[in-house]
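Let me begin by presenting the structure, written as structure tokens, before commenting on it.
Numbering (this note's numbering), first residue to last: 2 to 124.
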């Protein structure tokens, strides 16, 4: 990142895209959009040691075109989020707090940095 992006706290295009996709999926799951979820997007029926309470069933794809489309790509990103971030996002949407997307993006960035630091310290 350039000095200008650091100075003005502008996140990378990749992180903004990831955030936008996850935000849209969360809004779809909460019924906050007019967009209907396809039948392939389903919540998991049970949780295990390796899955979270709010994780979605992974979408299998036979072609790269479908695998890289919005829902399969975003569901795998959603399932990769730490459970405390998903729970926090659900609380925000359920309580209908007036929180800006920029605030949530900064919060996701903070949790990601804390997670990276904890991985670095433990190894």
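Don't be surprised by glycine CBs; every beta carbon is placed ideally from N, CA and C.
Given the structure is predicted, the values throughout are model-derived calculations rather than measurements.
Proximity of residue i and residue j at Cβ, strictly below 9 Å
i          : j          : result
residue 62 : residue 44 : no
residue 55 : residue 16 : no
Cβ-based burial, residue i [other Cβ within 10 Å; buried from 16]
i          : result
residue 98 : Because the pLDDT at residue 98 is just 45, under 50, the model does not fix this residue reliably, and the value given afterwards should be weighed accordingly. Looking at its Cβ environment, which holds fewer than 16 other Cβ atoms inside 10 Å, residue 98 is exposed.
residue 75 : buried
residue 82 : buried
residue 35 : exposed
residue 37 : exposed
residue 33 : exposed
residue 7  : exposed
residue 95 : Residue placement at residue 95 is flagged as unreliable, the pLDDT there being 48, under the threshold of 50; the coordinate-derived value follows with that caveat. So residue 95 ends up on the exposed side.
Whole-Å CB distance - residue i paired with residue j, under 8 Å assumed
i          : j          : result
residue 11 : residue 41 : Residue 11 to residue 41, Cβ: 35 Å. No contact.
Count Cβ pairs between the segment 18-32 and the segment 71-81 that sit closer than 8 Å; are there 3 or more? yes
To test your reading of the DSSP string, which unbroken alpha helix (DSSP H) runs of 4 or more residues are found completely within the segment 10-49? 14-31
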